[in-house]
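The structure appears below as structure tokens.
Residue numbers (full-length UniProt numbering), protein chains in the order written: chain A, 1 to 881; chain B, 1 to 881.
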């Protein structure tokens with residue numbers, strides 16, 4: 001751990017909430033949906049805009065429409081414009097997805113406009129779909145982030161629109177692949193269905209032919225039917241059919257319906273539309289189909305879309321008089337889903353996930369699993385910090401979030417170090433400059449949900465690590481010793497793939513870029529032909545410092561009291577002088593007989609089995625043998641040898657792409673620097689540089705576990721939690737005596753009265769409203785992780801759980817905290833091999849917290865969400881500042 | 001004259017007029033204007049859009065927003081969008097200019113919208129400025145076209161909006177130079193003022209420094225004060241100040257005024273705006289300035305503009321509390337003009353014109369005087385045809401225009417030819433294919449405002465022209481014989497300039513293109529080193545057929561009974577194989593001592609004196625010695641030698657660029673083909689090709705008059721009228737006897753009971769409403785043309801003027817026919833050398849038509865416009881079909 005400067009934290013919470021409109025008779029639910037016509041092909045037009053919450057420019061630039069030379073996008077105008085259109089015609093509908101933008105807009109509106117919007121929402125004309133703060137990516141996000149951001153968005157909507165502000169539909173139309181855990185979480189948020197835009201081109205082709213574009217996704221083996229989620233794949237990602245994009249950003253020919261003018265084109269356009277509708281209907285099973293009428297940042301001038309769609313609806317439906325059976329109308333994803341549900345059909349199921357995503361034979365979107373590794377690291381770091389802030393905010397009881405303005409929360413939780421200066425972290429690496437010359441390492445035992453204060457004084461008495469350079473026999477990691485005494489040869493080293501150059505004019509000329517991973521060749525180049533090593537030993541840990549090249553070094557760190565090895569690597573600036581972009585991997589090679597199988601996590605939670613060169617649901621034609629086998633690794637990747645009863649697990653500190661390209665081998669991509677754009681929108685090569693113009697340097701860690709398979713599940717689950725939420729360090733200068741400090745301030749504290757069961761994690765503790773807090777507890781083991789031990793159900797009593805306050809009331813909610821669980825329900829679907837129609841998705845009804853102690857039980861992988869009312873008269877925490 | 005096929009003419013007249021809203025208390029006039037604040041710098045924001053009525057795509061494509069890959073422009077959305085904005089805020093204003101677009105839009109609206117628009121117009125929020133069918137170019141348009149298109153637009157507006165639909169302001173913001181005749185016509189349309197966007201960069205610079213950007217333009221020596229017009233040059237052409245363009249088509253940073261978000265920029269933007277306002281104020285003389293807030297096809301989403309301007313107004317005016325004297329508000333050009341008029345200042349005057357227009361030292365916009373010579377010829381031809389149609393429509397009395405639908409008007413006015421087959425027009429020129437092998441030439445005397453029928457039978461008895469090829473001594477025109485017997489050496493030949501190639505990255509790299517004429521060198525290359533000639537003689541005319549090259553030929557035609565020579569040239573395809581663009585001129589060289597002076601017409605009407613390398617109002621720095629001396633020639637160009645008392649006049653059959661680059665010389669550019677774009681928006685080189693991909697071939701005529709100066713004026717005026725409005729030929733097969741035809745149909749007819757005075761031209765005769773027709777008579781001589789003869793005033797009695805009907809009532813109107821003259825008035829302005837404030841512009845009050853005969857007097861260059869009520873019971877013209 002490194003000394004760092006005093007951290008002053010600004011936690012900005014939102015202002016500007018407003019009370020929801022009194023709802024006399026809201027018609028925002030399914031009952032307001034257009035019904036279509038029986039026996040006709042009913043075409044649901046979904047007017048929508050896809051507004052990235054930050055992509056080529058910042059969120060605020062997108063909101064205001066600044067920096068438009070980069071992208072012509074101003075979300076404020078979308079909402080301005082759409083609201084006007086909806087007000088003028090009750091038949092028109094629109095969906096809005098990204099609450100980050102809606103909230104910025106809403107805060108700037110006057111009451112008059114707010115009331116109009118509330119009416120539109122209540123009448124079902126404006127419907128929130130998705131509704132999270134953003135539409136998160138599914139490959140690289142941790143479930144802690146996903147739940148938080150969805151909850152944050154949901155809450156803004158519920159506070160503003162009451163029950164009409166509860167989104168019913170998951171809307172993941174732009175993520176590059178889809179995770180099983182995301183579906184599971186969405187099911188637990190009580191979405192009735194999920195729509196996807198992008199799935200693998202081979203998968204899509206097969207599904208179109210077999211009419212399996214719509215299915216029930218069985219998203220969790222542990223949770224069962226409660227994690228089942230109806231999932232539909234949209235016909236044209238999220239775009240309109242070709243020729244029917246009517247936006248300032250589109251070039252489709254408008255509907256020109258004045259016969260007195262040139263270019264009258266109604267007949268031609270209507271015929272084209274009807275033909276497209278019939279073609280599309282062949283790929284789906286009901287007499288309802290959906291067309292997404294919008295694209296990125298569309299509807300900045302909603303009139304273009306609506307004026308032309310009005311004409312489409314008018315003229316296409318007029319053809320019914322002449323025998324056409326196409327019936328087209330404004331709709332929403334929820335109304336379309338409702339029609340599907342009403343169809344009372346039996347649906348196919350799916351139990352794997354939608355990774356990796358390829359859009360053509362040479363465009364595997366597996367590069368972005370690793371792209372921008374610094375930011376990916378920072379995201380994990382930020383989540384860690386955010387959870388600390390939320391917990392402290394709750395424990396300190398600074399005030400309810402929607403009344404107070406907790407803008408600056410100084411944290412001064414300090415640690416007294418056992419100083420272990422190791423002047424040799426610090427080995428001089430050319431071009432790397434730091435003022436830190438020492439590291440302090442010492443053991444501490446921290447109270448749960450609390451803090452400890454340590455005082456550090458300068459001294460000459462510390463143990464100094466001793467350098468035994470050049471005495472190590474080999475320069476690379478060669479062998480691991482298992483705890484049971486078995487030795488396993490493990491070679492670890494770094495390699496680079498040549499990133500493919502290309503102009504993207506055809507699929508075969510696709511370049512490796514920010515999204516796409518496309519190595520020029522299948523064998524990576526080793527970077528270990530001139531490794532130098534230094535050994536550092538001490539009473540608490542031993543370190544091996546390896547230098548692979550001027551731009552790659554690594555510290556292998558073995559703590560005396562842990563069962564894992566820590567590999568801290570430092571990679572960059574990746575050299576590009578030879579005009580070759582490079583993608584750097586770390587690879588572990590063993591003799592384990594992994595039989596093509598390897599395992600990766602989904603969003604840091606459940607684990608999925610991967611089989612090299614195979615997909616579970618279709619016969620794979622593998623055209624990119626390396627990148628086509630890459631999968632997202634959010635927290636862990638492992639291989640097993642069942643005959644040897646050994647599992648090699650690597651825990652990551654951030655999301656990375658990884659694979660096992662040969663038996664016994666695991667590789668993770670740690671950094672990339674490329675010289676060509678991949679032409680999927682970013683518009684520039686992935687060539688991150690610092691302010692000095694040099695390529696970015698990235699530091700990260702891998703924790704290596706080598707275990708018998710029987711204990712591997714337990715160990716990796718426990719260690720992974722520790723990697724995710726580390727103690728937060730903060731520093732303050734202080735010149736008085738320790739005694740004086742301790743007299744004035746609390747120096748050690750735990751917010752918990754007693755430890756939680758070892759398989760239970762306090763996932764969320766944050767201020768909610770008034771005297772209530774949001775509490776989430778999760779069982780973080782899968783059934784198979786430790787079947788006879790920690791995978792068993794666990795019991796918790798909420799009543800006296802917390803030190804500073806008593807729990808006086810508990811309301812269990814859906815995962816997104818926007819509906820009381822007792823009132824929540826979801827659509828029922830008939831699925832294959834289940835001939836009777838049952839409400840498969842509602843799943844098991846959990847027992848409400850029981851008794852005066854609010855006792856609850858948590859089953860494997862279960863997350864339970866509570867709004868907890870606190871006793872107001874609790875003793876306040878002594879000042880910590 | 002060539003035989004051509006039967007012509008079927010479709011005259012499409014507009015449908016869909018609606019009654020103007022009843023106007024209780026219209027506040028559309030100057031009284032509704034925002035007043036500004038005394039002592040402050042008042043900034044008038046003019047929200048406007050400049051919508052070319054056809055430019056890079058067709059008018060209907062522009063209207064609907066089709067073909068948007070060429071230009072992102074859909075005018076329907078502009079009007080949709082602006083109307084919504086105006087309805088929501090009575091402070092907002094907008095001007096609309098091009099009635100061609102407005103009318104397309106208006107016809108598609110329902111009554112509800114029409115009433116809303118009528119209210120906005122009545123309240124002054126939406127104001128029509130300019131108001132013609134389009135904003136015509138001023139260099140290449142004939143005054144007949146200008147008057148017609150303005151009248152057509154005016155009428156739509158008046159019919160729809162009553163007096164609130166009368167535009168008060170000329171708005172010529174995009175023409176490339178400005179003509180004195182246009183100003184004169186606008187004054188006679190009773191515009192209170194005119195605003196210009198583009199004037200020569202040297203002129204503008206001087207005017208900015210001397211605060212003479214605003215002036216009174218004395219636009220006619222003949223008409224005097226009635227043709228004076230207040231004229232203002234806008235500060236930024238028609239664009240907003242740099243950094244303040246808030247449109248979907250612009251990239252200015254929006255006003256970001258939410259202090260809770262990043263990028264808050266109100267202070268910086270407001271300071272910039274105030275600075276710009278003060279800088280601009282230095283160039284103008286009052287405490288009112290104007291900012292044009294719009295560009296080409298802006299306001300397709302008006303919300304962008306208005307939302308940001310609202311913020312500008314709010315935050316800039318808030319600064320007044322802190323001592324700022326800048327006061328900004330929504331306004332219109334008329335309100336700005338009103339403020340100038342109220343300022344009671346004395347204004348400078350101008351009596352010349354604004355040609356040629358240069359935007360930088362190497363960008364003289366004199367190429368477009370000739371560009372697309374075929375279209376320019378077709379325009380003249382079309383006007384000729386249109387006038388014939390209007391006259392026939394009136395004489396035939398098919399019904400009032402706003403009730404009837406005169407869509408097909410077959411003309412079968414035929415001519416019996418004295419057949420003169422001249423098999424040798426027909427000389428074989430490589431690559432030129434025609435089925436016509438003969439020409440028929442014969443003399444006819446046509447009745448005024450009427451028609452004659454001639455029968456043609458095939459015969460062998462016709463005189464045949466006789467070929468005396470190779471007996472002519474010289475191959476070029478060398479000499480002209482004056483009517484008084486004097487011989488003048490005149491050499492005529494063709495030359496080409498190299499068009500400059502360039503990438504336009506800097507002014508000096510400007511290419512010659514569709515707009516810009518920039519020859520690479522000042523001496524054109526002759527094309528007469530291998531001329532072959534053929535002579536053809538006959539009883540009516542003699543012809544000399546010259547072939548200059550495979551792509552240039554010419555027929556010099558001398559009619560036995562005329563005093564002019566006719567040069568019919570055929571130019572093209574201009575060869576570009578050597579990758580050099582070429583600009584072809586015809587040049588006449590004489591020994592006349594023209595002393596740097598030459599004369600060109602303005603829009604085919606008044607004539608202006610030009611002096612080589614000089615401008616009347618500033619000291620010219622001539623950086624392009626050829627193109628900087630080019631002027632538009634709509635109908636005539638001439639030079640004089642006062643000592644010899646000789647004038648050489650060339651009449652053109654279309655608009656062309658012309659000059660006199662050395663004494664005694666006249667040149668006219670007849671065709672151009674260029675290989676580089678000039679980067680002023682066209683986006684392609686001027687390289688017109690036919691369907692076969694070959695360069696375009698252009699045929700045209702020059703009429704050459706060589707006279708004593710004393711009769712030159714009379715002759716060129718009379719001949720010019722004949723060139724403008726030629727007999728319209730139409731053909732029909734007929735197998736019966738001439739007698740049978742004549743029994744059934746009228747074969748000869750004149751609509752006039754007696755000839756008009758020889759200096760009076762029937763400019764307009766067209767159906768108006770009910771029983772009324774629009775009648776314009778003009779005196780087509782300037783005072784100086786024939787001072788003792790035809791330049792004298794002339795008298796006409798309207799009562800019994802026409803054969804088929806009696807005039808029962810006459811209302812004289814302004815030139816645009818949208819206001820009774822007796823009710824019309826204009827602003828008065830104090831001008832230099834006129835110390836007392838007088839209503840200079842209202843000019844002389846003309847006598848109303850007097851007596852039961854409706855007698856009127858026309859003075860030189862005067863046009864008088866009448867709405868004439870006809871006696872309904874007149875005898876109908878016998879069927880002509």
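Glycine included, each C-beta is placed from N, C-alpha and C at the ideal position. All values derive from a computational prediction rather than experimental measurement.
{"Asked": "C-alpha distance - residue 822/B paired with residue 854/B, whole-angstrom precision", "Found": "16 Å"}
{"Asked": "Any C-beta of chain B under 7 Å from that of residue 248/A", "Found": "yes"}
{"Asked": "Between the CA atoms of residue 649/A and residue 489/A - distance to the nearest angstrom", "Found": "15 Å"}
{"Asked": "Straight-line gap, residue 310/A to residue 87/A (C-alpha atoms, nearest Å)", "Found": "15 Å"}
{"Asked": "Residues within the region 289-306 of chain B neighbouring chain A, beta-carbon criterion of under 8 Å", "Found": "300, 301, 303 and 304"}
{"Asked": "Short-range partners of chain A found in the region 63-80 of chain B, where Cβ spacing is below 8 Å", "Found": "63, 64, 65, 66, 67, 68, 69, 72, 74, 76, 77 and 80"}
{"Asked": "The region 612-630 of chain B in contact with the region 512-519 of chain B per 3-pair CB rule at 8 Å", "Found": "yes"}
{"Asked": "Cross-chain neighbours of residue 58/A in chain B, by beta carbon under 7 Å", "Found": "262"}
{"Asked": "Rounded straight-line distance, which links the Cα of residue 304/A to that of residue 42/B", "Found": "36 Å"}
{"Asked": "Residue 429/B (DSSP reduced to helix, strand or coil)", "Found": "At residue 429/B the pLDDT is 34, less than 50, meaning the model places this residue with poor confidence; the figure from the coordinates comes in the next sentence. Residue state, collapsed to three classes: coil."}
{"Asked": "Proximal residues to residue 568/A (C-beta, below 6 Å), its chain only, five neighbours per side dropped", "Found": "555 and 701"}
{"Asked": "Separation of residue 864/A from residue 708/A, as counted between CA atoms", "Found": "32 Å"}
{"Asked": "Status (buried if at least 16 other CB within 10 Å, exposed otherwise) for residue 525/A", "Found": "exposed"}
{"Asked": "Whole beta strand (DSSP E) elements within the region 124-170 of chain B, 3-residue minimum", "Found": "126-128"}
{"Asked": "Residues of its chain near residue 760/B, where Cβ-Cβ distance is below 8 Å and the 5 sequence neighbours each way are ignored", "Found": "777, 778, 779, 780, 794, 796 and 858"}
{"Asked": "For residue 191/A and residue 52/A, the rounded distance between their alpha carbons", "Found": "21 Å"}
{"Asked": "Interface flag, residue 256/A vs chain C, CB-CB below 7 Å", "Found": "Note that chain C does not occur in the displayed structure, where the protein chains are A and B."}
{"Asked": "3 or more residues per run - each beta strand (DSSP E) lying fully within the region 162-250 of chain B", "Found": "169-172, 193-196, 214-218 and 228-233"}
{"Asked": "Separation of residue 656/B from residue 693/B, as counted between CA atoms", "Found": "25 Å"}
{"Asked": "Contact set between residue 253/A and chain B, taken where Cβ atoms lie within less than 7 Å", "Found": "66"}
{"Asked": "Residues that residue 84/A contacts on chain B, provided the C-beta gap is smaller than 9 Å", "Found": "84, 88 and 303"}
{"Asked": "Burial state of residue 80/B (16 or more Cβ within 10 Å)", "Found": "buried"}
{"Asked": "Cα-Cα separation, residue 758/B to residue 178/B", "Found": "31 Å"}
{"Asked": "Chain-ordered neighbours of residue 108/A on chain B, where CB pairs are closer than 9 Å", "Found": "257 and 258"}
{"Asked": "Distance between beta carbons of residue 635/B and residue 651/B, contact taken as under 8 Å", "Found": "6 Å"}
{"Asked": "Check whether residue 667/A and residue 552/A have beta carbons under 7 Å apart", "Found": "no"}
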